[in-house]
Structures are given as C-alpha cells and as structure tokens.
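For reference, the structure is listed below as structure tokens.
Protein chains: 2
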Amino acid sequence: MDSATISKPHERLAELLETELEGVNTLIRARMASRHAPRIPEVTAHLVEAGGKRLRPMLTLAAARLFDYPGDHHIKLAATVEFIHTATLLHDDVVDESGQRRGRPTANLLWDNKSSVLVGDYLFARSFQLMVETESLRVLDILANAAATIAEGEVLQMTAASNLATSEEVYLQVVRGKTAALFSAATEVGGVISGASEAQVQALFDFGDALGVAFQIADDLLDYQGDAAATGKNVGDDFRERKLTLPVIKAVAQATQEERAFWQRTIERGRQSEGDLEHALALMGKYGTLEATRADANRWADKAKAALDVLPDCEIRHLLSDLTDYVVSRLN
Amino acid sequence: MDSATISKPHERLAELLETELEGVNTLIRARMASRHAPRIPEVTAHLVEAGGKRLRPMLTLAAARLFDYPGDHHIKLAATVEFIHTATLLHDDVVDESGQRRGRPTANLLWDNKSSVLVGDYLFARSFQLMVETESLRVLDILANAAATIAEGEVLQMTAASNLATSEEVYLQVVRGKTAALFSAATEVGGVISGASEAQVQALFDFGDALGVAFQIADDLLDYQGDAAATGKNVGDDFRERKLTLPVIKAVAQATQEERAFWQRTIERGRQSEGDLEHALALMGKYGTLEATRADANRWADKAKAALDVLPDCEIRHLLSDLTDYVVSRLN
Chain A
501 MDSATISKPH ERLAELLETE LEGVNTLIRA RMASRHAPRI PEVTAHLVEA GGKRLRPMLT
561 LAAARLFDYP GDHHIKLAAT VEFIHTATLL HDDVVDESGQ RRGRPTANLL WDNKSSVLVG
621 DYLFARSFQL MVETESLRVL DILANAAATI AEGEVLQMTA ASNLATSEEV YLQVVRGKTA
681 ALFSAATEVG GVISGASEAQ VQALFDFGDA LGVAFQIADD LLDYQGDAAA TGKNVGDDFR
741 ERKLTLPVIK AVAQATQEER AFWQRTIERG RQSEGDLEHA LALMGKYGTL EATRADANRW
801 ADKAKAALDV LPDCEIRHLL SDLTDYVVSR LN
Chain B
501 MDSATISKPH ERLAELLETE LEGVNTLIRA RMASRHAPRI PEVTAHLVEA GGKRLRPMLT
561 LAAARLFDYP GDHHIKLAAT VEFIHTATLL HDDVVDESGQ RRGRPTANLL WDNKSSVLVG
621 DYLFARSFQL MVETESLRVL DILANAAATI AEGEVLQMTA ASNLATSEEV YLQVVRGKTA
681 ALFSAATEVG GVISGASEAQ VQALFDFGDA LGVAFQIADD LLDYQGDAAA TGKNVGDDFR
741 ERKLTLPVIK AVAQATQEER AFWQRTIERG RQSEGDLEHA LALMGKYGTL EATRADANRW
801 ADKAKAALDV LPDCEIRHLL SDLTDYVVSR LN
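If you read the protein sequences in the order shown, they are chains A and B.
Numbering of the first sequence is given in our numbering, commencing with residue 501 and proceeding in unit increments.
Numbering of the second sequence is given in our numbering, commencing with residue 501 and proceeding in unit increments.
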C-alpha cells in the first residue's frame, strides 16, 4: 500500500460514515442533557465535544455498514460505546489521595473528584438505557461482559501497576480491560445488530480485540519513544507515574540484580531522581525491549487484519485494515 | 396493631425469606470474586458482609413471594439490587478534594478514592451481568431507568446540597435518586419477574417509591432529633456537612431576613461556629419544621401502605405494611 492509503484512515471512515456519525452526535447531545442536574452536560461537554476521533463509535457504525444494516440501532449502540468510554475517562480522572500527596499532577483539574464519579455514573446509566432500547439480549450480554472486563482491568491495573511481579499475561489482561474490551464490544455489537453470521460476529470480536491490544501497546510504547510535539505527551510519563508497561516488564524480566534494584527503587518505591528516566531508557535499549514491544504491536495488528478476511470484501473492510496499519505505523 | 407487631418487621421478613436470602448471600459471594483482581472482594466484603439488613434485596424477594414465584430469577435480582446499593455507597464515599480541605471527616477511611470508584464500577458491571441473565427486557428497562434516576439524583444533591434556593420539589427529586428509586425498582422487578398484573406491578412500584421516600425523610429528620446512642449518628451531622434537608428547607422558606443571613452563613458559606447548631435547632423549633417533616414522613408511609391494598392478602403483605410503620415509628 502507498503512503496516501495509510495517511488517515479514520478520517476517511468518518467521511464515509458522516450521516451516521451526525446521528450519533445528535443522540449524545440529547441524552447528555439532564432536566434536573445542569452540572452534567457541563462536565461531559468538554469530554464528548472536545473533537475526539470517535474511534469507538465509528467501529460500531463500520461493522453495521459492512452488512448494510438498514435500521437505527447501530446509532444507539455507537452512542452507548462513546458514553461508556467517556464515563471510563471520568472515573480514571479520580485522583488517589496518596497520589496527590506525592505531588502527582491531578488529571481532574476542571472538576472535583465527586463530580467526575457521579457524572461518570450518570453516563453509564444513560448508556445502559440506550442499549436496552435495542431490545437485543445478546447485545446486552456482550456489553455487560465488556463492562465487567473493563472494571476488572482497571482494578487490576491499580493493584498491579507498580508491582514488579506483573507478568506480560497480567499486562495483557489490563490492556484488555483498558482498551480492547470496548473495541471488541463495539465491533461485535455492530455485527450482532446487523444479523451477521456467527463466524462473522466472531471475526468482528477478534478484530476489535486485536486492534485494541495493538492500539494500547502502541500507546505504551510511544510513551517511551514518542515525539512529544506529535503525541502531546512527555516521554516517560508512565515511568514517572510508576506504571509498569510492556517495555519495562520486558526489561525487568531480564534484569541483573543491580538493575532489579533500580526498578524496585524507581517503580515499586517511587523514589526517582534526575537521570533515572535516562537510565531506564538505557536498560530498555540494552535488552532491545522497545523493538520487542513494537514487534508485539505489529503481531497484534496482523492478527486484527487476518480476522477481517471472513467479512464482506468492501471499502469499509479495507479502511478497517488501513486503520490497523495506521495504529502501528506511528511506531515503525 | 400492638407494639409486638411493629417491633422488628424486617427480622420477621428475614426469617420468612431465610432460604432465599441464603441464596442471595451465596450468589453475592460468588459474583464478588475476581480471578484477576483480589482487591475487589477485599474492598466489598466489609460492605456486603457487614451484616447489613439486606433491606433492598428482601423487598425483591418479598415481592416475588407475594405471587409464589417458583423460579430463581428473584435471587439474581435481589443480588443485583444489593450490588447496586453497595456500588452507590462506595461512590458516595469518594471525597471531594475541596471537602478534604475543609477538614471534613473522610468517609473512605479504609481505602483510597480510586479503589472506591473502580470497585464500585466493578459491582455495577456485575449487577448488570446478573440482571441480563434474567433475560427480561422489562426488568432491564426498569433497572436502567432506576440507575439513571439514582445517578441524576446524586449529581443534583451535590449541586443543590448547600444552595438555599433548593425547594421541597428538588429535595424530593434528590430523595428519589438517593433512596426511593432503588426501593421501587427492587419491588417492581420482583413483581414483573413473577408475572404480576399491571395493576399489581404499579402497586409494587408505588409501595417501594413511597416507602423509600418515607425512609429517607425519616433518616433526615433523625439527624436532627435522633438519639445518638440508638442511631449511631451525631445530632446535626447534616448541618455540619451543610446538607439542606427537609427540616432546614422548611425553616428557610419561612425565614426572616436575619434568619436567612444565618442560613446563608452556616449552610451556603459553611462558616460555622459554636452555638450555631443550637440556633439552627431553635429556628426549626420556632416554625415547627421537625413536626412538619414528621407529618410528611407519615403521609408517605400511609401512601405506601395504601398501595399494598391491591396485592394478595397474605403474611408477607402484612409484614410489608408493618415494615412501613416501623420505618416511621422511630419518629413518633
């Protein structure tokens, strides 16, 4: 494929799905509103309206388009998925008291913890109402299971984040909760609502799951090798926040006794000083863990693209394949 | 009715529903467990196992028993309702940063904010899975709407709590979110799952709603006139936490200019000093707002008992009526 093809596939998807996306935006605005509590749209507007890429709702719309679904439940499900995503972001923003004490930058600069929690709950409840309107028990089952995987992954991340014993397997579980569970639910419900065959529904799940894992691994890798100007993030944020991600997990697995002591001090005990990030990067360089992490991301991307094979051969399918390439192209 | 009848009706209900309640407890323990995140049962156990009265699940079981429901979905729904209640408690525990700064006692002494939020989310997700297992779209619709009312009421409470403009109407909306929405959903789904008639389902909703409102008004009144030894709460906690509840709302509505300035200082601006609680109580005495609040609670209790009329005449129904009397008997 040439470089134009992999330029911005999500923009081309957005063009192709423009009418449906407008429907999703209209529905989101309508359902965010609260007769009784004006604080709600105030808190959510900046998240929902902030010009996000609407990647997750687009996955649902794209899955439905693959099967020329004629109804409007996919609009509801796309809004559902975006509400769940936004609620998760709000709840992630809640700051540990211990976190504050360590002087970490707070993520909820604009509102207090309580607003983040309660408005997040409101969005969860709204998403729940929306999905019930589809009257599909299978869709409800998929989304209930995704919600449990997401919540379990979040708790796991909280407890495992700074624990050097965290394995690649636990990391994958966290990644599924954090990202892949909602991606795979988004694609799967799009297929279910459109009457896709079992094999196709499974393929849509597999695609969303692998795309989500690739996406999150790429994100974690970019934290260490990204271009701050392009990503808007500072290199090493995860290190400073003592988050064990794949590049570090791979380095810890091969660490000498002395190196292990370094990771214990900086990640487990959080005693960091100048030069530590540079040393961490040097250790990752020593064992080639950034390259190994990139290879993992690429493997997941390949898996995602392979899953697409049993789906109808059309422009949307090609764009989903290009989207997958794009997610990891930032790394290569 | 004699005093023995109104002694502890919830204990007699628990006796009558013992087998089902054991089923609920077993299910709760099974579904709390997390293969991946052992922190979860650790956080929830103290809430779920703390020997609560299991009032809400008992309402669901009682409603099903009224119609001799032979299945086991009522066990799932009772566990659902308890999970939602526990999740709400966990999220209520999250402390405002501003709240802490004012030196308010933190409610989440045992775990940090982040654990309360994420484990609460996990319980919500688990409750969602449980209710989907009943395969009743109507049940899902009822619980989705209850979830939205609860979340909206919580946000409303947060924004209205210290605002003197809060009317009795807004207070009622908060009370519905805080308490009555889950009571009414608990009774209603018990009827729906048992195949009760439309009139009976409506009656179960009305009963749960009015009982919940009476329960919360009683709770708010006891905060000002309770026996600290019996309730385990200190008189005036709501005043100190600047929460506008019915006794104060009624006093504010009749306040002179000078009295209004007192409420503005103590509730809106939170500048309280010694003697303020006593003065607040004197103002409530002057306008008889504790008596008026008690009369309101009794009216809601009467409404709840009246709703029971169309339900099958049996011991459970009489116990639900006694339970209603018991809720307000603490006040009389």
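All residues carry an ideal CB built from backbone N, CA and C; glycine is no exception.
Which class does residue i belong to by DSSP, given the choice of helix, strand or coil?
i, result
"B:G691", "helix"
"B:A504", "Residue confidence for B:A504 is low, a pLDDT of 48 falling below 50, so the modelled location carries little weight and cannot support an answer."
"A:G726", "coil"
"B:G736", "coil"
"A:Y671", "helix"
"A:D720", "helix"
"A:Q600", "Residue placement at A:Q600 is poorly supported in this model, since its pLDDT is 40, which falls under 50; the coordinates are not used for a value here."
"A:D641", "helix"
"A:A665", "coil"
"B:K678", "helix"
"B:L830", "It should be noted that the sequence gives Arg, not Leu, for residue 830 of chain B. Looking at B:R830 - three-state DSSP - the assignment turns out to be coil, as it is neither helix nor strand."
"B:F567", "coil"
"B:R554", "coil"
"B:N608", "Unreliable placement is indicated for B:N608, whose pLDDT of 45 sits below 50; the coordinate value is still reported in the next sentence. Of the three classes helix, strand and coil, the one that applies to B:N608 here is coil, per DSSP."
"B:A545", "helix"
"B:L811", "coil"
"B:R494", "Outside the modelled stretch of chain B, which goes from 501 to 832, sits residue 494 of chain B, for which no answer is possible."
"B:A751", "helix"
"B:S697", "coil"
Within 8 Å (strictly less), CB to CB, does residue i reach chain A?
i, result
"B:K614", "yes"
"B:A625", "yes"
"B:Y787", "no"
"B:Y671", "no"
"B:Y496", "With chain B covering only 501 through 832, there is no way to say anything about residue 496 of chain B."
"B:D738", "no"
Specify, as a first and last residue, the run of the alpha helix (DSSP H) that residue i falls within.
i, result
"A:I767", "From DSSP, A:I767 is part of no alpha helix (DSSP H); its letter is neither H nor E."
"B:N798", "T789 to A807"
"B:S615", "N613 to V632"
"B:L781", "D776 to K786"
"A:P538", "Run containing A:P538: none; DSSP gives neither H nor E here."
"A:V524", "E518 to M532"
"A:E635", "No alpha helix (DSSP H) holds A:E635; DSSP gives it neither H nor E."
"B:E741", "Where B:E741 is concerned, there is no enclosing alpha helix (DSSP H), given that its DSSP letter is neither H nor E."
"A:K592", "According to the sequence provided, residue 592 of chain A is Asp. The question's Lys does not apply to it. First-last of the alpha helix (DSSP H) with A:D592: H573 to D592."
"A:Q757", "Q757 to W763"
Shorter than 8 Å from the beta carbon of residue i to some beta carbon of chain B?
i, result
"A:F628", "yes"
"A:R724", "The amino acid occupying residue 724 of chain A in the given sequence is Tyr; Arg does not appear at that position. Not an interface residue."
"A:A607", "Note that A:A607 has pLDDT 40, beneath the 50 cutoff, so the model's placement of it is unreliable and the number below is only indicative. No, its Cβ sits nowhere closer than 8 Å to a Cβ of chain B."
For residue i, return the contacting residues in chain B, with the cut-off set at a CB-CB distance below 7 Å.
i, result
"A:V619", "V655"
"A:I540", "V655"
Report the neighbours of residue i on chain B: residues whose CB is nearer than 8 Å to its CB, in chain order.
i, result
"A:V632", "L637, L640, D641 and A644"
Quick one: list the residues of chain A neighbouring residue i, beta-carbon separation under 7 Å, in chain order.
i, result
"B:Y569", "Those within 7 Å of B:Y569 in chain A number zero; the least Cβ separation is about 20 Å."
query = Listed in chain order, which residues of the stretch 639-666 of chain B have Cβ atoms closer than 9 Å to some Cβ of chain A?
reply = L640, D641, L643, A644, N645, A646, A647, A648, T649, I650, A651, E652, G653, E654, V655, L656, Q657, M658, T659 and A660
inquiry  = Closer than 9 Å between beta carbons: that is the criterion. Which residues of the stretch 753-772 of chain A meet it against chain B?
reply    = none
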